[in-house]
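Below is one structure, written out as structure tokens; comments come after it.
In our numbering, the protein residues as written are 8 to 170.
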């Protein structure tokens, strides 16, 4: 006989085999508190570099390579923050931003715009719901991630305050 006592609350299913009693297996749930970032960028090189920097910073990252896929993933995964490129195939970044902000299920998610476009578009994008604006050439995550990572932290804090 293998006595088992578990007093923890978890939310993600995992199976644990108890030793020295291998016949006793229990299912437990582990709460996943890691913040999730959706990275929408059509450049595979940019996406991988950014994903690596974000993972090293402690975030869980999911990716999409075009606007339609990004919108679909955002609606199904409901990430904590979205990093959105503006020049995307299938659906442009501004169109994705408008769709996200028009949908009650995703309107609360902060969207940080990553773009190679000039800052002349910044005020328009901010008025459409963007939480931040970053030019890719100035904020390449592999070179200097501090500005963008700080913006992600601020966006996450603002969401927590609204809850």
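Virtual Cβ for every residue (Gly too), placed ideally from N, Cα, C.
Next item on the list: Answer yes if the segment 157-167 comes into contact with the segment 128-135, meaning at least three C-beta pairs across the two stretches below 8 Å, and no otherwise.
Entry: Fewer than three pairs of CB atoms, one per stretch, sit closer than 8 Å, so the segment 128-135 makes no contact with the segment 157-167.
Check: For residue 108 versus residue 135, is the C-beta spacing smaller than 8 Å?
Finding: As a first step, residue 108 must be located in the chain shown, where it is residue number 101. As a first step, residue 135 must be located in the chain shown, where it is residue number 128. Going by C-beta atoms, residue 108 is nearer than 8 Å to residue 135.
Notebook entry, point to check: What did DSSP end up calling residue 41 once you bin it into helix, strand or coil?
Noted result: In the chain shown, the residue the question calls residue 41 occupies position 34. DSSP, reduced to helix, strand and coil, places residue 41 outside both helices and strands of the structure shown, so it counts as coil.
Item checked: residue 163 beta carbon less than 8 Å from that of residue 88 -> Residue mapping note: residue 88 aligns to position 81 of the chain shown, counting from 1. Residue mapping note: residue 163 aligns to position 156 of the chain shown, counting from 1. In contact: residue 88 and residue 163 (Cβ atoms closer than 8 Å).
Next item on the list: Could you pull out every residue in the same chain whose Cβ sits closer than 8 Å to the Cβ of residue 66, ignoring the five residues on either side in sequence?
Entry: Position 59 of the chain shown holds residue 66. Cβ within range, chain order: 41, 42, 43, 44, 159.
Checklist line | Burial state of residue 85, where buried means 16 or more other Cβ atoms lie within 10 Å | finding: Mapped onto the chain shown, residue 85 falls at position 78. That one is exposed.
Notebook entry, point to check: When the distance is taken between beta carbons, is residue 46 closer than 8 Å to residue 54?
Noted result: Taking the first residue of the chain shown as position 1, residue 54 is located at position 47. Taking the first residue of the chain shown as position 1, residue 46 is located at position 39. The answer is yes: Cβ separation under 8 Å.
Check: Hey, residue 68 and residue 100 are a contact pair by Cβ (cut 8 Å); roughly how many whole angstroms apart?
Finding: Within the chain shown, numbered from 1, the residue matching residue 68 stands at position 61. Within the chain shown, numbered from 1, the residue matching residue 100 stands at position 93. Not really, about 18 Å apart at Cβ, beyond 8 Å.
Margin query: To the nearest angstrom, how far is the alpha carbon of residue 74 from that of residue 102?
Written below: For the purposes of this step, residue 74 is taken as residue 67 along the chain shown, with counting starting at 1. For the purposes of this step, residue 102 is taken as residue 95 along the chain shown, with counting starting at 1. In a straight line, the C-alpha of residue 74 is about 8 Å away from that of residue 102.
Check: When you compare each of 91, 49, 95 to residue 116 by their alpha carbons, which one comes out closest?
Finding: For the purposes of this step, residue 116 is identified with residue 109 of the chain shown, where counting begins at 1. Of the candidates 91, 49, 95, the one whose C-alpha sits nearest the C-alpha of residue 116 is 91.
Notebook entry, point to check: How about residue 143 and residue 113: are their beta carbons less than 8 Å apart?
Noted result: Position 136 of the chain shown, counted from the start, is the residue given in the question as residue 143. Position 106 of the chain shown, counted from the start, is the residue given in the question as residue 113. Going by C-beta atoms, residue 143 is not nearer than 8 Å to residue 113.
Next item on the list: Measure the C-alpha to C-alpha separation of residue 51 and residue 140 and round it to an integer number of angstroms.
Entry: Taking the chain shown and counting its residues from 1, the one referred to as residue 51 is at position 44. Taking the chain shown and counting its residues from 1, the one referred to as residue 140 is at position 133. Between residue 51 and residue 140, the C-alpha separation is close to 21 Å.
Check: Cβ atoms of residue 49 and residue 104: under 8 Å apart, would you say?
Finding: Reading the chain shown from its first residue, position 97 is the one you call residue 104. Reading the chain shown from its first residue, position 42 is the one you call residue 49. The answer is no: Cβ separation not under 8 Å.
Item checked: Extent of the continuous alpha helix (DSSP H) to which residue 102 belongs -> On the chain shown, residue 102 is found 95 positions in, with the first residue counted as 1. Segment 100-109, the alpha helix (DSSP H) holding residue 102.
Item checked: Length-filtered (3 minimum) beta strand (DSSP E) runs lying within the segment 52-82 -> 67-71
Notebook entry, point to check: If you draw a straight line from the alpha carbon of residue 138 to that of residue 118, how long is it in whole angstroms?
Noted result: In the chain shown, the residue the question calls residue 138 occupies position 131. In the chain shown, the residue the question calls residue 118 occupies position 111. Distance between the alpha carbons of residue 138 and residue 118 is about 5 Å.
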